[in-house]
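Here's the structure we're looking at; comments come further down.
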Amino acid sequence: MSETRLRPALHGKELVLAVIRWILIIFFAVYTLFPLIWLIISSLKTNFEFLAQSPFSLPSKPQWINYKNALTVAGLGRMLLNSVFVGLSATLVNVIIASMSAYCISRFRFKGREKIFTLFTAGILVPLNALMVPYFVIINKLGLYNTYGGMILLYAAIGIPMSTFLIRGLMDSIPMEVEEAAYIDGCGFYGRFFHILLPLSRTGIVTAATFEFLTCWNEFVFANLIVSSEKLRTIQVGIRYFTNQFSTDYVSMYAAIVISIIPSILGYVLFQEQIIAGMTSGAVKG
Amino acid sequence: MKLIRSDRKALYAFMAPALAVMILFFVIPVIYVIVVSFLKWNGISAPALNNLKNYALLMKDKSFSRSVINNIIWALVAGFIQVPLAMVMAIILSRKPKGWKFFRTVYFFPQVISGIALATLWRAIYNAEHGMLNGLLRAIGAGAAAKDWLGTIQTAFPAVLIYWVFYVGYYMVIMMADITTIDTSYYEAATIDGATDFQQAIYITIPLIKKTSLLTCVTLASVMGLRQFEQVYMLTNGQPANTTSTIVLYMYKKMQNANYGIASASAVILIIVGVVFIVCIRKLFEGRGDKPVVAKNVRRAVK
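One line per chain: the protein sequences are A and B, in this order. Count the first sequence with the working numbering and you get residues 64 to 349, in order. Count the second sequence with the working numbering and you get residues 38 to 340, in order.
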């Protein structure tokens with residue numbers, strides 16, 4: 064490809080293309096980063112500095128107190144814990160159920176397999192927001208309105224098709240021979256699952272778990288729908304209320320948003336490969 | 038693998054939880070919205086058959102038709118502006134220019150930040166008094182153009198639409214994964230023949246990803262466009278004068294008023310619009326039997 068070839072000095076059309084290429088690359092990067100940097104800088108100003116000075120001035124002294132306000136006044140700490148708890152629980156339930164079904168779909172040919180498969184595919188494409196009314200009713204009927212259990216169940220459930228796809232994809236890539244040897248040695252259905260397939264499909268499971276947790280962490284619509292108590296609010300629902308709570312205290316609100324974004328960005332930078340693998344393979348297969 | 042009888046039981050036990058979830062949270066809810074869309078029901082008194090009246094009411098309601106139109110515009114902008122931009126960036130970054138990993142990471146940021154946080158950030162940017170956009174305009178001496186972006190009828194919907202168009206990371210990454218699977222010998226041969234990078238993109242890359250990742254991305258982007266809720270909810274709540282509403286926001290408001298029949302009918306319309314979009318996009322991409330064209334382009338590029 065081009066980098067292996069000795070490039071002569073660029074001229075004419077090639078030069079124009081190279082310039083356009085770099086303008087685009089930098090434009091998209093600035094477009095993404097600039098607002099985030101502006102948000103962080105604003106969150107370190109005093110309200111007076113923010114309201115009276117140019118939006119691009121720097122704070123005379125970074126106001127870390129805004130972050131303290133956001134954590135204490137808005138109860139952000141509690142919301143973060145709620146999000147972590149609900150996200151981890153839902154992810155655990157989700158990944159257990161999904162790896163079981165992925166094992167069946169990947170390893171066995173049975174009656175109805177094709178139909179189940181179609182159902183999972185449709186499950187990925189259906190606009191879940193359109194199902195707000197039935198989800199609201201189902202969670203109520205199960206007596207789970209305004210409970211952690213309701214959120215955990217709903218989050219685990221709506222991620223099942225995607226997680227099954229991701230884990231199945233990895234299981235499909237494990238050759239049958241690995242299992243057949245164990246099968247001949249008398250290793251049963253459960254033994255093959257726990258001792259062979261599960262350890263070998265670790266990367267697929269981590270991908271599914273990362274993807275599921277991120278989805279839970281960022282989810283707003285259903286958390287807003289099935290929870291009313293302030294004590295159970297997740298961080299995303301919290302953000303919606305900050306805007307009222309901090310109607311005059313802009314800088315603390317921005318600090319709160321920065322706090323809510325940090326775990327997403329950090330998690331992404333740490334699990335980048337898994338998240339990208341999950342989002343791409345899921346999308347291509349879905 | 039062959040199933041022996043004792044395995045069969047275990048298999049059903051293993052499949053059962055996922056199947057139960059699929060039935061309870063996917064099959065039943067879809068049937069449910071369809072049934073309720075024919076009912077008059079406020080969640081308290083007994084539901085009564087309402088025939089097609091919910092749909093008739095929706096057709097007459099201007100704010101609903103506005104929501105449908107907004108969603109269609111949203112889906113088209115996502116599928117036919119955002120995705121092509123993402124494709125251009127995917128082609129550029131898959132040539133691995135300096136720092137491509139850094140740029141890929143940065144472009145992907147908006148994808149891992151929640152819709153609510155992003156919308157709140159953009160509400161601050163669009164703010165009339167101390168927003169970043171107006172500040173930027175004043176700084177470059179175009180202060181006259183500064184306005185209340187989300188409060189003015191003419192600019193509210195474009196403002197809601199435009200900010201995410203340049204967040205191309207997600208689709209870009211999907212297409213990059215596809216582009217890396219293309220056989221490099223195509224490009225080598227084309228380079229020897231003196232084809233420019235631009236020509237290689239037009240004659241090799243685009244035709245080869247068209248039916249795979251490009252189709253996937255256009256479909257995904259459009260479907261996402263039809264689902265929109267958090268962003269409008271947070272940015273404008275449909276205001277001013279309902280010009281920025283979407284179907285899901287409309288549905289949500291009807292639900293808040295315990296008007297479950299109408300809410301469900303709008304959900305059914307959303308699902309139908311979604312299916313129509315998916316089918317049309319497939320037709321558009323598969324329509325003219327262009328497999329041979331791809332092959333010809335590749336051959337031409339290779340020669």
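Every residue gets a Cβ at the ideal spot worked out from N, C-alpha and C, and that includes glycine.
ask   = Within the 8 Å Cβ cut-off, does P195 (chain B) reach chain A?
value = no
ask   = Where does A85 (chain B) sit, in a helix, a strand or coil, going by DSSP?
value = strand
request  = Could you please give the first and the last residue of the uninterrupted alpha helix (DSSP H) stretch that includes G172 (chain B)?
outcome  = Run containing G172 (chain B): M169 to A176, per the alpha helix (DSSP H) assignment.
message = For N132 (chain A) and S123 (chain A), I'd like the C-alpha separation in whole angstroms.
response = Distance between the alpha carbons of N132 (chain A) and S123 (chain A): 19 Å.
request  = Compare the C-beta of Y130 (chain A) against all C-beta atoms of chain B and say whether one is closer than 8 Å.
outcome  = Output row for Y130 (chain A): interface = no.
message = Which residue marks the beginning of the alpha helix (DSSP H) containing N145 (chain A), and which one marks its end?
response = L139 to R170
Within-8 Å CB hit, L139 (chain A) to chain B = no
ask   = P98 (chain A): buried (16+ other C-beta within 10 angstroms of its C-beta) or exposed?
value = buried
task = Compare the C-alpha of D234 (chain B) against each of B:T273, B:I309, B:P134 and B:K97 and name the closest.
result = Residue B:P134 is the option with its Cα nearest to D234 (chain B).
query = So with Cβ pairs under 8 Å, would you call E267 (chain B) a contact of chain A?
reply = yes
ask   = So V202 (chain B) packs on L272 (chain B), CB below 8 Å; how close in whole Å?
value = Incorrect: roughly 15 Å between the Cβ atoms, too far for contact.
inquiry  = Closer than 8 Å is the cut-off here; do at least three beta carbon pairs connect the segment 227-238 of chain A with the segment 261-273 of chain A?
reply    = yes
key: Reduced DSSP secondary structure (H/G/I, E/B, other) of K77 (chain B)   = strand
key: Reduced DSSP category for W127 (chain A) - H, G, I as helix; E, B as strand; rest coil   = coil
inquiry  = Within 8 Å of any Cβ in chain E, is that where the Cβ of P277 (chain B) sits?
reply    = This model lacks chain E altogether, as its protein chains are A and B.
inquiry  = Can you check whether the C-beta of T306 (chain A) is within less than 8 Å of a C-beta belonging to chain B?
reply    = By this cut-off, T306 (chain A) is an interface position.
ask   = Mind checking if C100 (chain B) is an interface residue toward chain A, Cβ cutoff 8 Å exclusive?
value = Checking the sequence shown, residue 100 (chain B) turns out to be Ser, not Cys. By this cut-off, S100 (chain B) is not an interface position.
key: C-beta atoms of N129 (chain A) and A318 (chain A) nearer than 8 Å   = yes
Spatial distance of I106 (chain B) from A286 (chain A) (CA atoms) = 28 Å
query = Taking Cβ positions only, does S222 (chain B) come closer than 8 Å to chain A?
reply = no
query = How many whole angstroms separate the CB atoms of P190 (chain A) and L307 (chain B), which I take to be in contact at a CB cut-off of 8 Å?
reply = Going by Cβ atoms, the distance from P190 (chain A) to L307 (chain B) rounds to 6 Å, so yes, they are a contact pair.
request  = Spell out a yes or no on whether the segment 197-215 of chain A and the segment 233-249 of chain A are touching, meaning 3 or more CB-CB pairs, one atom from each, closer than 8 Å.
outcome  = The segment 197-215 of chain A makes no contact with the segment 233-249 of chain A: fewer than 3 CB pairs, one atom from each, lie closer than 8 Å.
ask   = Where does P238 (chain A) fall in DSSP's three states?
value = coil
query = Does the beta-carbon of V300 (chain A) have 16 or more other beta-carbons within 10 angstroms, so that it is buried, or is it exposed?
reply = buried
Beta-carbon contacts of W186 (chain B) that lie in its chain and below 6 Å, excluding the five residues immediately before and after = Y163, T192 and A196
query = Sorted by chain position, which residues of the same chain lie with C-beta nearer than 7 Å to M212 (chain B)'s C-beta, five sequence neighbours on each side aside?
reply = A123, M124, A127, I246, S250, L251 and C254
ask   = Residues in its own chain within less than 8 Å of G178 (chain B) by CB, not counting five upstream and five downstream?
value = none
inquiry  = What does the Cβ neighbour count give for R45 (chain B), buried or exposed, with the cut at 16 atoms within 10 Å?
reply    = exposed
task = Please look up how many angstroms separate the CB atoms of I215 (chain A) and V149 (chain A), rounded, as I've assumed it's under 8 Å.
result = 6 Å
inquiry  = How far does the alpha helix (DSSP H) with P121 (chain B) in it extend, from its first residue to its last?
reply    = Start and end: V120 to S131.
request  = Under 9 Å between beta-carbons, which chain B residues line up against F276 (chain A)? List them in chain order, please.
outcome  = None at all; the shortest Cβ gap to chain B is about 11 Å.
Three-state secondary structure assigned by DSSP to V202 (chain B) = coil
ask   = Can you list, in chain order, the residues of its chain whose CB lies under 8 Å from that of V339 (chain B), leaving out five sequence neighbours each side?
value = With a pLDDT of only 40 at V339 (chain B), under the threshold of 50, the placement of this residue in the model should not be trusted, and no figure is reported.
ask   = Rounded to whole angstroms, how far is the Cβ of E323 (chain B) from the Cβ of K248 (chain B), which I believe are closer than 8 Å?
value = That belief holds up - the Cβ atoms of E323 (chain B) and K248 (chain B) are roughly 7 Å apart, short of 8 Å.
request  = Please check if any C-beta of chain B sits within less than 8 Å of the C-beta of N145 (chain A).
outcome  = The Cβ of N145 (chain A) sits no closer than 8 Å to any Cβ of chain B.
message = Quick check: G116 (chain B) and A258 (chain B), are their CB atoms within less than 8 Å of each other?
response = yes
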